[in-house]
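Enquirer:
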Amino acid sequence: MQNAAVEVNFDIEEIKQNETMRNDFISQYKPFIASFTSECAHRYVTYGVDEELSIALMAFNEAIDRFNGKGNFLLYAKMVIKARLLDYFKSSLYRENKKSFGLYNEEEDEIDELKEDAIQRYADSYEQSIRIAEINELNEKLQAFSITFQDLVKSSPKHLITRHYVNNAIQKILERPELVEKIMNDHSLPLKEIEKNFLIPRKKIESYRKYIIAGIILADSDLETLKEYLPFKK
């Protein structure tokens with residue numbers, strides 16, 4: 001099933017400009033931030049107790065400011081959080097080693113442009129690896145319906161009007177959870193039921209059956225980076 005947090009519709013550019021929206025957005029994603037921080041720290045962390053979470057919150061806020069709109073925001077936020085936590089872990093050890101000699105300098109914790117570029121490159125690389133893994137997982141899901149990527153290329157609607165019509169049909173099906181469940185369990189489209197409930201000609205459904213099934217499979221999955229390319233939302 002889909003991650004509830006990731007399902008939320010948000011516009012980072014709009015959030016950047018609105019302080020109330022920003023605060024609400026950060027508050028809503030506190031569980032996400034805490035979960036990933038625990039993963040990085042290799043232990044359970046608590047708000048108001050562990051400094052790691054304060055750093056992670058600031059990093060998430062920083063990610064909002066720095067996100068350029070390309071790729072998945074939450075993946076990018078993870079990269080920034082991880083980078084800032086690594087800085088913290090290193091500087092904590094550094095302080096312990098240097099304080100006794102009076103050599104510690106707070107300015108050494110500041111992030112330079114080279115590090116920002118490295119974060120972005122790492123984020124891009126990480127997202128690419130996630131995308132490849134998701135493509136492989138989608139391929140497995142399609143195989144259960146005897147569908148290949150080559151089939152999708154052949155069966156995809158070519159004309160804009162037809163594409164809009166078929167995507168609209170997929171959207172209508174997605175609005176019926178019991179129908180989606182039936183499709184996923186039976187590994188087939190209930191043509192008569194779709195024709196009857198949505199007044200979509202059976203011939204049209206049959207022509208784009210594989211494309212419709214693929215759209216439903218992807219929309220109903222947790223393959224978040226691939227779902228960004230869908231022209232509709234579940």
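Letter by letter, the sequence shown follows residues 1 to 234 in full-length UniProt numbering.
Glycine included, C-beta positions come from ideal geometry on N, C-alpha and C.
As the structure is a prediction and not an experimental result, all values here were calculated from the model.
1. Would S155 and Y208 qualify as a contact pair, given that the criterion is a beta-carbon distance under 8 angstroms?
2. Exposed or buried, what is G215 when buried is set at 16 or more other beta-carbons lying within 10 Å of its beta-carbon?
3. Comparing C-alpha positions only, which one of N68, F67, G69, C40 sits nearest to I55?
4. Apart from the five residues just before and just after P201, which ones in its own chain have a Cβ nearer than 8 angstroms to its Cβ?
5. Taking Cβ positions, are R43 and A59 nearer each other than 8 angstroms?
6. So, at 6 angstroms on beta carbons, what are the nonlocal neighbours of K172 in its own chain, with the 5 sequence-adjacent residues on each side left out?
7. At the level of alpha carbons, what is the spacing between I183 and L138?
8. Starting from the C-beta of G102, find all residues in its chain whose C-beta is less than 7 angstroms away, skip the five residues before and the five after it, and write them out in chain order.
9. So for I16, helix, strand or coil by DSSP?
10. Taking the alpha carbon of T225 as the point to measure from, which residue in L179, E175, E181, I132 has its own alpha carbon closest?
Expert: This is what the structure gives:
1. yes
2. buried
3. C40
4. E195
5. no
6. F198
7. 16 angstroms
8. Annotation note: pLDDT 45 at G102 (below 50); position unreliable, coordinate value reported separately. So the list is empty, once near-sequence residues are dropped.
9. Before going on, a small fix: residue 16 reads as Lys here, not Ile. In the structure shown, K16 sits in a helix (DSSP, three-state: H, G or I).
10. I132
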